[in-house]
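Accompanying notes for the structure given below.
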Amino acid sequence: MPEDDDIVQAEIEVLRSLRQLLDAPSEKPVTLVGDVILDRYFHGWANHLMSIAPVPVVKVIRRSESAGAAAHIARGLLSLGLKTRFFSILGGDRVGHLLAQLLQEEGVDTSDIRVAAHMQTAVKTRIFGSRESLIEREQLLMQFDEEPQEPVPPETVRRMAEAVSKAIPGSAALVLSDYGKGMVGDENAPEFIRLAKEHDVPVICDPKLTGLHRTHGATITLFEKRGLELLRRRGNFDTVEETAAHFIAEHSWDAMLVLGGQTGV
């Protein structure tokens, strides 16, 4: 049974390898597999309530749209100078076409993104408001989600999985970004990880908390600080360190990287 110090040292070595990959980008591309969502934002003044209900009335003064979910990682890899093959599936609707356009405008290669003609593309809309006199104190008032009513077509998923499997052996790293929309599934994720390990390709997982079983054997698993704290409470662990150790052992991860927002990692 390895000592705690040995485990910590092994995790440090894994993180050091990741740092080396980022500092000295490989000629090989990073293979990114994940869901893409359109993030839509409305910003405005919320100076009064409706006359018939205690609901803020927002006078919209600004709106914006951007590619979200795994697209954030695609942009991040691009900013680090890492070649990336981004595998995802968009619906054939107006939102899907808009997402492809937004990604292309940001320099993200969309050649590996497939379109499912009759699928609806997911949209998350957030409404922010503040009193006109408190411009700097904007708050989120509401979020509403528009989700596909049907799962991603199985044949589209199968073809995408085949393309990913062919790309993995020649990759510098495999990144799985799971937002529960079908790109990282119970069947394909374990196979992607197995194939990557077979070819000594490091695997970085950005998991959905309800999909941790899909990350078994990952090299590094990413967590937001609040997500790890939620797991601590659910599991009745005393500390986040104990929580991390438990899940690293349970899912055979080499290391966990906790993202603390403004406080760093």
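Residue numbers for the sequence shown follow the working numbering, beginning at 519 and rising by one.
Idealized CB from N, CA, C, for every residue including glycine.
For this session: Helix, strand or coil for Leu595, going by three-state DSSP, please let me know.
Result: The residue labelled residue 595 in the question sits at position 77 within the sequence shown. Helix.
Exercise. Do His561 and Glu656 come within 8 Å of each other at the CB atom, strictly closer than that value?
Worked result: Residue mapping note: residue 656 aligns to position 138 of the sequence shown, counting from 1. Residue mapping note: residue 561 aligns to position 43 of the sequence shown, counting from 1. Yes, they are a contact pair.
For this session: Report the rounded CA-to-CA distance for Thr555 versus Pro725, giving the unit in angstroms.
Result: Counting from 1 along the sequence shown, the entry for residue 555 is found at position 37. Counting from 1 along the sequence shown, the entry for residue 725 is found at position 207. The residue you asked about is not Thr; residue 555 is Ile in the sequence shown. Going by the C-alpha atoms only, they are around 16 Å apart.
Exercise. Should Ile631 go down as buried or exposed, given a rule of 16 or more other Cβ atoms within 10 Å for buried?
Worked result: Locating residue 631 in the sequence shown gives position 113, where the first residue counts as 1. Per the 10 Å Cβ criterion, buried.
Exercise. Thinking C-alpha only, which one of Val576, Leu567 and Ala736 is nearest Asp772?
Worked result: Against the sequence shown, residue 772 aligns to sequence position 254. Comparing Cα-Cα distances from Asp772 to each of Val576, Leu567 and Ala736, the minimum goes to Ala736.
Exercise. So Leu746 and Thr757 are in contact, right, with Cβ under 8 Å, and what is the actual spacing, rounded?
Worked result: Within the sequence shown, residue 746 is the residue found at index 228, counting from 1. Within the sequence shown, residue 757 is the residue found at index 239, counting from 1. By a beta-carbon distance limit of 8 Å, Leu746 does not contact Thr757. Their separation comes to about 10 Å.
Problem set entry | Endpoints, the alpha helix (DSSP H) within which Ala762 is located | Mapped onto the sequence shown, residue 762 falls at position 244. Secondary structure note for Ala762: its alpha helix (DSSP H) is the uninterrupted segment Val758 to His769.
Problem set entry | Reference His717; option with closest CA among Glu709, Thr643, Lys743 and Gly688 | Counted from its first residue, the sequence shown places residue 717 at position 199. It is Gly688 whose Cα lies nearest to the Cα of His717.
For this session: Identify which residue in His769, Ile645, Ser683 and Gly700 has its Cα closest to the Cα of Val675.
Result: As a working note, residue 675 is residue 157 in the sequence shown. Per the Cα distances, Gly700.
Exercise. How is the alpha helix (DSSP H) around Gln661 delimited, first residue to last?
Worked result: Looking up residue 661 in the sequence shown gives position 143. Looking at the DSSP string, Gln661 is not in any alpha helix (DSSP H); the run it does join, the beta strand (DSSP E), is Gln657 to Glu664.
Problem set entry | Identity of the residues DSSP links to Met774 by a beta bridge | Taking the sequence shown and counting its residues from 1, one reaches residue 774 at position 256. In the DSSP output, where bridge partners are listed per residue, Met774 has Thr739.
For this session: Following the continuous beta strand (DSSP E) through Asn565, name the residue where it begins and the one where it ends.
Result: Within the sequence shown, the letter at position 47 stands for residue 565. Element bounds for Asn565: Val554 to Leu567.
Exercise. Going straight from the alpha carbon of Lys642 to that of Asp553, what length do you get?
Worked result: As a first step, residue 642 must be located in the sequence shown, where it is residue number 124. As a first step, residue 553 must be located in the sequence shown, where it is residue number 35. Rounded to whole angstroms, Lys642 to Asp553 spans 13 Å at the Cα level.
For this session: Return yes when the Cβ of Phe605 is within less than 8 Å of the Cβ of Met678, no when it is not.
Result: Here the question's residue 678 lines up with position 160 in the sequence shown. Here the question's residue 605 lines up with position 87 in the sequence shown. The Cβ atoms of Met678 and Phe605 lie closer than 8 Å to each other.
Exercise. What separation, rounded to the nearest whole angstrom, lies between the Cα atoms of Trp563 and Leu692?
Worked result: For the purposes of this step, residue 563 is identified with residue 45 of the sequence shown, where counting begins at 1. For the purposes of this step, residue 692 is identified with residue 174 of the sequence shown, where counting begins at 1. Between Trp563 and Leu692, the C-alpha separation is close to 43 Å.
For this session: Please classify Ile686: does DSSP put it in a helix, a strand, or coil?
Result: Taking the sequence shown and counting its residues from 1, one reaches residue 686 at position 168. Helix, per DSSP.
Problem set entry | Per-residue DSSP class, three states only, for Val675 | Here residue 675 refers to the residue found at position 157 when the sequence shown is read from its first residue. It is helical.
Exercise. DSSP state of Val578, grouped into three classes?
Worked result: Walking along the sequence shown from the start, residue 578 turns up at place 60. DSSP places Val578 in strand when its eight states are reduced to three.
Problem set entry | Range of the contiguous alpha helix (DSSP H) that encloses Phe755 | Numbered from its first residue, the sequence shown carries residue 755 at position 237. That residue, Phe755, is in no alpha helix (DSSP H); it is neither H nor E in DSSP.
Exercise. Which residues share a DSSP beta bridge with Ala587?
Worked result: Translated into the one-based positions of the sequence shown, residue 587 becomes position 69. Answer by DSSP bridge pairing, in chain order: Val554.
Exercise. Per DSSP, Val613 forms a beta bridge with which residues?
Worked result: In the sequence shown, counting from the first residue as 1, residue 613 sits at position 95. DSSP lists no partner for Val613.
Exercise. What are the start and end residues of the beta strand (DSSP E) that includes Leu600?
Worked result: Looking up residue 600 in the sequence shown gives position 82. Leu600 -> no beta strand (DSSP E), and no H or E assigned at all.
Exercise. Near Pro669, which residues of its chain fall below 7 Å by C-beta distance, leaving aside the five closest residues on each side in sequence?
Worked result: Residue 669 sits at position 151 when you count from the first residue of the sequence shown. Excluding sequence positions up to five before and after Pro669, its CB lies within less than 7 Å of the CB of Gly700, all in the same chain and listed in chain order.
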